[in-house]
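In what follows, a single structure is set out as structure tokens and then discussed.
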Amino acid sequence: MQYAPFSSLVLSTSLGMEHERYPMGDGSVESRHRPYLSGGVKFAVYKDYLFDMRVSTGVSRDLVASLSGDKARLSFGMSRGRDGALNSKTVMVYVDLMKLISPSRYTADGSSLAMRESLQQYTGERLLDKAVTRPDRIPQTFLAKVDRTGVQEVFIEKAGLPPGAKVSADGQRLTIAVGSGALTLAAVQKNGAAVATPPQFTVAPAQLSVDLFRLPVPAQTDEYVVRVSDATLATYNVKITVGRK
């Protein structure tokens, strides 16, 4: 909505709604609705000189002010982010080189500011002029959110391992060297309760492997105790704690 109390002054405002949606790796979705409000003022200072200021609030709080003439424009922008978005400040200088080189090829618009800003006048030549004019400020706010549901920490409790046992990880699988000869997966407990042998745990000669990406993301912390026996019938308990950041 806009209103022109004078031919040289135009006030404008708009109201809307912003919707942010972040799908997470565990299937959950974080969403937020927020009202969007903006307002602006344009004032024809003198002949071809125009002062333009706009403020808006939504995902970020923005202020843009500019002073433009027939051949150049100076603008300043300031954005204050919300919900962790960064603040930013910008200064832009725009010069129309074609008007500087060949001013005679361009005819000044003698209509009033109120008439130029009238939505009914945005046809033909005016629409083309607005389409090719560089904006006062280039948007620099990009929204992104870290999916913390996919971040896991895996700890190995070495107290139950024999001397010389080694733990290695390649980012996808956790390999625990334990015992000697062929291993047998005897039992698995999760948070103190026995569970059927999950496919995330596999054994090979003298090593226990854990497929980290197949472990379920815990609400807080999950503790697994894996019992294996080797060719000498010795039994070892491997404790694995999985947490989320």
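Per our numbering, numbering of the sequence shown is gapless, rising by one per residue and ending at 242.
Where a beta carbon is used, it is the ideal one built from N, C-alpha and C, also for glycine.
This one's a predicted model, so the numbers in the text were calculated from it and none came from an experiment.
Looking only at its chain, what residues have a beta carbon closer than 7 Å to the beta carbon of residue i, apart from the 5 residues adjacent to it on each side?
i      : result
Val207 : Arg170, Leu171, Gln197, Phe198, Ile237
Val92  : Lys68, Ala69
Which same chain residues end up closer than 8 Å to residue i when comparing Cβ atoms and leaving out the 5 residues on each side of it in sequence?
i      : result
Ser57  : Ser76, Arg77, Gly78, Arg79, Ala82, Thr138
Phe110 : Just to set this straight, residue 110 is Leu in the shown sequence, not Phe. Cβ within range, chain order: Ala1, Ser4, Ser5, Leu6, Val7, Lys39, Phe40, Ala41, Leu47.
Thr232 : Ala183, Arg224, Val225, Ser226
Helix or strand or just coil, what does DSSP make of residue i?
i       : result
Ala191  : strand
Met50   : strand
Leu171  : strand
Ala184  : strand
Lys79   : Looking at the sequence provided, one finds Arg at residue 79 rather than Lys. Note: Arg79 maps to coil in three-state DSSP.
Lys142  : coil
Ser177  : coil
Pro100  : helix
Leu212  : coil
Met(-2) : coil
Leu230  : coil
Ala203  : coil
Starting from the C-beta of residue i, find all residues in its chain whose C-beta is less than 6 Å away, skip the five residues before and the five after it, and write them out in chain order.
i      : result
Tyr221 : Lys187, Ile237
Val90  : Leu71
Asp243 : The structure shown has nothing for residue 243, since the chain only spans -2 to 242.
Asp227 : Gly176, Ser177, Gly178, Leu180
Arg211 : Gln197
Leu64  : Phe48, Leu71
Confirm, please, whether the CB-CB distance from residue j to residue i is below 8 Å.
i      : j      : result
Val225 : Ala193 : no
Ser35  : Arg18  : no
Val175 : Leu205 : yes
Leu60  : Gly37  : no
Ala62  : Ser72  : yes
Glu15  : Gly66  : no
Gly240 : Thr218 : yes
Tyr33  : Gly13  : yes
Got a sec: does the ligand MG put a non-hydrogen atom nearer than 7 Å to the Cβ of residue i?
i      : result
Thr218 : In the structure on display, the ligand MG does not appear, and there are no ligands present to speak of.
Please classify residue i: is it buried, with 16 or more other beta-carbons within 10 angstroms of its beta-carbon, or exposed?
i      : result
Val26  : exposed
Ile98  : exposed
Val200 : buried
Complete alpha helix (DSSP H) runs within the stretch 9 to 35 (minimum length 4 residues, chain order)
none
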